[in-house]
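So the mapping is simple: my numbering equals the position in the sequence shown, first residue as 1, plus 1016. Below you'll find the structure, written out as structure tokens, and then a few comments.
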Amino acid sequence: MKYIITGVDGKLAGRVAENMLQQVDGTDLIFTCPDPNRVSEEKKERWKKAGVTLCAVSYDDEEQMKEVFSRGERLFFISSILNGERRVCQHHSVIEACKKAGIEHITYTSFFGANREGYNQYVLPDHRATEKMLRECGIEYNIMRNNLYMENYLTTSVMLAMLSDNVWGTTAGEGKVTSIAKDDSARCAAALLLGKGEKNKDYDLTSLEPVSQRDICNMIAEKSGIPFQYKPMNAEEFLEYLEALHIPKTTDGDFSRSPVPFCSNDMITNEAGISEGQMGIVSHDVELLTGRKPLEVRDLLDQYSYVWRDKVTNWKQLY
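Structure follows, in structure tokens:
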């Protein structure tokens, strides 16, 4: 059995790749990303020594995907970084390439709420369309619906606050979120790739302790000694807050001066979902798939303390 992991230059799929390498012989692993030059030399050398095949694969090139995907049976399909019609088109190409290549199973990274009514986050139409394509494609699948990533509140939110005179702006209000750590998401992805999930089943990936952004802000203020000020905002105020930091409204915008790779439409609607009580639901699927309880915010505070200690102000400086 050969396994294909897409997007290994990213922080989630990179973790999936490392988890798989701990459990599968490297000769049975094919790692892909649009530009392998974005992978560190240390990783490339280590993967090469382990027998891993690293390939360039673009979601915009269906023929290229078909050729690479034909070398494996089970595929980890990480969602594209784009939003809107372009992402849906890319995802359609991925699934078509999988069909033509004879892929036997797809594990897809969706977003929490894609199967729930009343959830209107900016990214959800893309994921709903992709989930529909998966159900209709004839290939066995598992869908992992990640809640908001825990790391973003320990890195992105901190950076934006430090760039805004320590004002922690958000539309989350006093709502709570059971965010998911990328390490837990990656462990779940590896479990699903290895066949530990039920056929054609969806999994909601969350932590177990709902936490408010005010709580996170206060935790970090206490630990760092920085007087972060938590400031609830309405959508218009939060948009102004983000625009002042040169964050574009859509993924088609100009990111040349943005400190983060996310668009404001995404951020505003995600935070609004927290305010509306949508993101604090608890699922036990992480433990079901991995045999261990998920990480909580307090478990990652030390790991990301370098963000405030080193005054990190751009996502490219994160590690």
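Glycine is no exception: its CB is placed at the ideal position from the N, C-alpha and C atoms.
field: Delimiting residues of the alpha helix (DSSP H) encompassing residue 1035
entry: To locate residue 1035, count along the sequence shown from 1; it is residue 19. Its alpha helix (DSSP H) spans residues 1027-1039.
message: Given a cut-off of 8 Å on the beta-carbon distance, is the pair residue 1164 and residue 1195 in contact?
response: Within the sequence shown, the letter at position 148 stands for residue 1164. Within the sequence shown, the letter at position 179 stands for residue 1195. Inclusion of residue 1164 and residue 1195 in the CB contact set at 8 Å is warranted, their separation being smaller than that value.
query: Expressed to the nearest angstrom, what Euclidean distance is found between the alpha-carbon atoms of residue 1304 and residue 1290?
result: On the sequence shown, residue 1304 is found 288 positions in, with the first residue counted as 1. On the sequence shown, residue 1290 is found 274 positions in, with the first residue counted as 1. It is roughly 25 Å from the alpha-carbon of residue 1304 to the alpha-carbon of residue 1290.
field: Unbroken alpha helix (DSSP H) run spanning residue 1072, endpoints
entry: For the purposes of this step, residue 1072 is identified with residue 56 of the sequence shown, where counting begins at 1. Run containing residue 1072: none in the alpha helix (DSSP H); it sits in the beta strand (DSSP E), 1069-1072.
field: residue 1052 versus residue 1060: straight-line alpha-carbon distance, rounded
entry: The residue labelled residue 1052 in the question sits at position 36 within the sequence shown. The residue labelled residue 1060 in the question sits at position 44 within the sequence shown. Roughly 8 Å separates the two Cα atoms.
message: Can you tell me whether residue 1229 is helix, strand or coil according to DSSP?
response: Start at 1 with the first residue of the sequence shown, and residue 1229 comes out as number 213. In this structure, DSSP gives residue 1229 a helical state, which the three-state scheme calls helix.
- prompt: Alpha carbon to alpha carbon, what distance is there between residue 1070 and residue 1055?
  reply: The residue you call residue 1055 lines up with position 39 of the sequence shown. The residue you call residue 1070 lines up with position 54 of the sequence shown. So the two alpha carbons sit approximately 10 Å from each other.
task: Give the C-beta separation of residue 1174 and residue 1063 to the nearest angstrom, bearing in mind that I take them to be a contact with Cβ-Cβ under 8 Å.
output: On the sequence shown, residue 1174 is found 158 positions in, with the first residue counted as 1. On the sequence shown, residue 1063 is found 47 positions in, with the first residue counted as 1. In fact, because the Cβ distance is near 31 Å, the residues do not count as touching under 8 Å.
query: Who pairs with residue 1218 in a beta bridge, going by DSSP?
result: In the sequence shown, counting from the first residue as 1, residue 1218 sits at position 202. In DSSP, residue 1218 forms a bridge with 1159.
- prompt: Relative to the C-alpha of residue 1078, which residue among 1116, 1047 and 1097 is closest?
  reply: Within the sequence shown, numbered from 1, the residue matching residue 1078 stands at position 62. Among 1116, 1047 and 1097, the Cα nearest to that of residue 1078 is on 1116.
message: Once DSSP output is grouped into helix, strand and coil, what is the label at residue 1109?
response: One-based indexing of the sequence shown puts residue 1109 at position 93. Helix.
- prompt: Based on Cα-Cα distance, which residue from 1267, 1108 and 1298 lies nearest to residue 1283?
  reply: Position 267 of the sequence shown, counted from the first residue, corresponds to residue 1283. Considering only alpha carbons, the answer is 1267.
- prompt: Leaving out five residues before and five after residue 1082 in sequence, what residues of the same chain have Cβ atoms less than 7 Å from its Cβ?
  reply: For the purposes of this step, residue 1082 is taken as residue 66 along the sequence shown, with counting starting at 1. These residues qualify, in order along the chain: 1113, 1116 and 1117.
query: Between which two residues does the alpha helix (DSSP H) harbouring residue 1141 extend?
result: In the sequence shown, counting from the first residue as 1, residue 1141 sits at position 125. For residue 1141, the enclosing alpha helix (DSSP H) stretches over residues 1140-1152.
- prompt: Which first and last residues belong to the alpha helix (DSSP H) in which residue 1065 is found?
  reply: For the purposes of this step, residue 1065 is taken as the residue at position 49 of the sequence shown. Residue 1065 -> alpha helix (DSSP H) spans 1057-1066.
field: Inter-stretch contact at 8 Å, needing at least 3 Cβ pairs: the segment 1313-1332 / the segment 1209-1221
entry: Judged by Cβ distances under 8 Å, the segment 1313-1332 makes no contact with the segment 1209-1221, as fewer than three pairs qualify.
Reduced DSSP category for residue 1052 - H, G, I as helix; E, B as strand; rest coil: For the purposes of this step, residue 1052 is taken as the residue at position 36 of the sequence shown. Looking at residue 1052 - three-state DSSP - the assignment turns out to be helix.
Range of the contiguous beta strand (DSSP E) that encloses residue 1304: Walking along the sequence shown from the start, residue 1304 turns up at place 288. If you look at residue 1304, you'll find it isn't in any beta strand (DSSP E); it sits in the alpha helix (DSSP H) that goes 1301-1306.
- request: Would you kindly work out how many angstroms separate the C-alpha atoms of residue 1311 and residue 1229, rounded to a whole number?
  value: As a first step, residue 1311 must be located in the sequence shown, where it is residue number 295. As a first step, residue 1229 must be located in the sequence shown, where it is residue number 213. C-alpha of residue 1311 to C-alpha of residue 1229: approximately 17 Å in a straight line.
message: Using C-beta distances below 6 Å, list every residue in its chain close to residue 1208, excluding the 5 sequence neighbours before and after it, in chain order.
response: Position 192 of the sequence shown holds residue 1208. The residues are 1123 and 1158.
field: the segment 1083-1099 in contact with the segment 1021-1039 per 3-pair CB rule at 8 Å
entry: The segment 1083-1099 vs the segment 1021-1039: in contact.
- request: Look at the alpha carbon of residue 1042 and the alpha carbon of residue 1084, and state the distance between them as a whole number of angstroms.
  value: For this step, residue 1042 is matched to residue 26 along the sequence shown. For this step, residue 1084 is matched to residue 68 along the sequence shown. C-alpha separation (whole angstroms): 16 Å.
- request: Kindly identify the DSSP beta-bridge partner or partners of residue 1243.
  value: On the sequence shown, residue 1243 is found 227 positions in, with the first residue counted as 1. Beta-bridge partners assigned by DSSP to residue 1243: none are found.
- prompt: Residue range of the alpha helix (DSSP H) that residue 1314 falls in?
  reply: Position 298 of the sequence shown, counting from 1, holds the residue named residue 1314. Counting along the chain, residue 1314 sits inside the alpha helix (DSSP H) bounded by residues 1313-1316.
query: What three-state label does DSSP hand residue 1084 in the structure shown?
result: Translated into the one-based positions of the sequence shown, residue 1084 becomes position 68. Per DSSP, reduced to three states, the secondary structure at residue 1084 is helical.
task: Quick one: using the 10 Å Cβ neighbour count with 16 as the cut-off for buried, is residue 1272 buried or exposed?
output: Within the sequence shown, residue 1272 is the residue found at index 256, counting from 1. Result: exposed.
- prompt: Helix, strand or coil: how does DSSP classify residue 1127 here?
  reply: For the purposes of this step, residue 1127 is taken as residue 111 along the sequence shown, with counting starting at 1. Residue state for residue 1127 is assigned as strand, using DSSP reduced to three classes.
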